[in-house]
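Here the numbering used here runs 657 ahead of the position in the sequence shown, where the first position is 1.
Yeah, the Cβ is synthetic: ideal placement off N, Cα and C, and Gly gets one too.
Small disclaimer: the values here were computed from a predicted structure and weren't measured.
Accompanying notes for the structure given below.
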Amino acid sequence: VSVTQSTPTPTTYTLPGAFTFENAPVTTPTIADVTPALGPTKGGTLITITGTNLDAGSSVAVRINNQVCPGVQVVTGSGDPYITAFTPDVSDAILFPAMSDGGSWPIVLDMVIDTLPGQHLNPAVQFEFVPPPTITGMFPEDGFQGSTLHIYGTNFRPTASVTFLWPVSPVVVPASSVT
658 VSVTQSTPTP TTYTLPGAFT FENAPVTTPT IADVTPALGP TKGGTLITIT GTNLDAGSSV
718 AVRINNQVCP GVQVVTGSGD PYITAFTPDV SDAILFPAMS DGGSWPIVLD MVIDTLPGQH
778 LNPAVQFEFV PPPTITGMFP EDGFQGSTLH IYGTNFRPTA SVTFLWPVSP VVVPASSVT
């Protein structure tokens, strides 16, 4: 770019190639992972989002399927920055018909970088909302310690456990013993 100076008198000075514009590097955040990757439709699960340049924005919001996650914090310090947030409550079937039965949706970051708002996501990084389990029956209705108990219902997860509230103390049966 040539630089030109004009003086009050009708004289102009031009210096060809005296100035060069360089594109400033653009800092683009990327999402690599979210942990945990699933939680209840009732919301309230504290999630941690990891990736690169997650501290690049002057403001950050987190959404899952257009639902705003409360309590967003960008954590910096030792190591790479990360973001924490709580998942929203999507359990109301009237307000969230597509989400109340569960499902997976990508994590979206709304960030303002250098005064320019933008959305950043990685379609492969998703959070799964899980509807609560429902018990519809048990067989037998009574038995002795060590007896097999069959529990029937919906939305059971393979990693779940069953807790029996005994008069003295709770008895927890791990998922590996539940069939």
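Which residues in the same chain have their Cβ closer than 7 angstroms to the Cβ of residue i, if we skip the five residues on either side of it in sequence?
i, result
"Cys726", "Val719, Arg720, Ala742, Phe743, Thr744 and Pro745"
"Ala750", "Ser757"
"Gly775", "Met768"
"Thr880", "As shown, the chain starts at 658 and ends at 836. That puts residue 880 outside it, with no answer to give."
Output yes or no for whether 8 angstroms exceeds the beta carbon distance between residue i and residue j.
i, j, result
"Ile740", "Val729", "yes"
"Asn710", "Pro686", "yes"
"Thr698", "Phe784", "no"
"Val782", "Val691", "yes"
"Pro839", "Asp767", "Lying outside 658 to 836, the shown extent of the chain, residue 839 is not represented and no answer is given."
"Thr707", "Ala689", "yes"
"Val731", "Val717", "yes"
"Tyr809", "Thr793", "yes"
How far does the beta strand (DSSP E) with residue i in it extend, from its first residue to its last?
i, result
"Thr687", "Thr687 to Thr692"
"Asn710", "Counting along the chain, Asn710 falls outside any beta strand (DSSP E), and DSSP gives it neither H nor E."
"Val717", "Ser716 to Ile721"
"Val731", "Gln730 to Val732"
"Pro763", "Gly760 to Ile770"
"Ile751", "Where Ile751 is concerned, there is no enclosing beta strand (DSSP E), given that its DSSP letter is neither H nor E."
"Thr811", "His807 to Thr811"
"Pro727", "Run containing Pro727: none; DSSP gives neither H nor E here."
"Phe743", "Tyr739 to Phe743"
"Gly696", "Leu695 to Pro697"
Which same chain residues end up closer than 8 angstroms to residue i when comparing Cβ atoms and leaving out the 5 residues on each side of it in sequence?
i, result
"Asn812", "Gly759, Val787, Pro788, Pro789, Pro790 and Thr791"
"Leu806", "Met795, Phe796, Pro797 and Gly800"
"Gly701", "Phe743, Thr744 and Asp746"
"Leu752", "none"
"Ala755", "Asn722"
Cutting at 6 angstroms between CB atoms, please list the residues of its own chain near residue i, excluding the five before and the five after it.
i, result
"Pro763", "Leu778, Pro780 and Gln783"
(message) Runs of 3 residues minimum, wholly inside the segment 772-796: which ones carry the beta strand (DSSP E) assignment?
(response) 773-787 and 791-796
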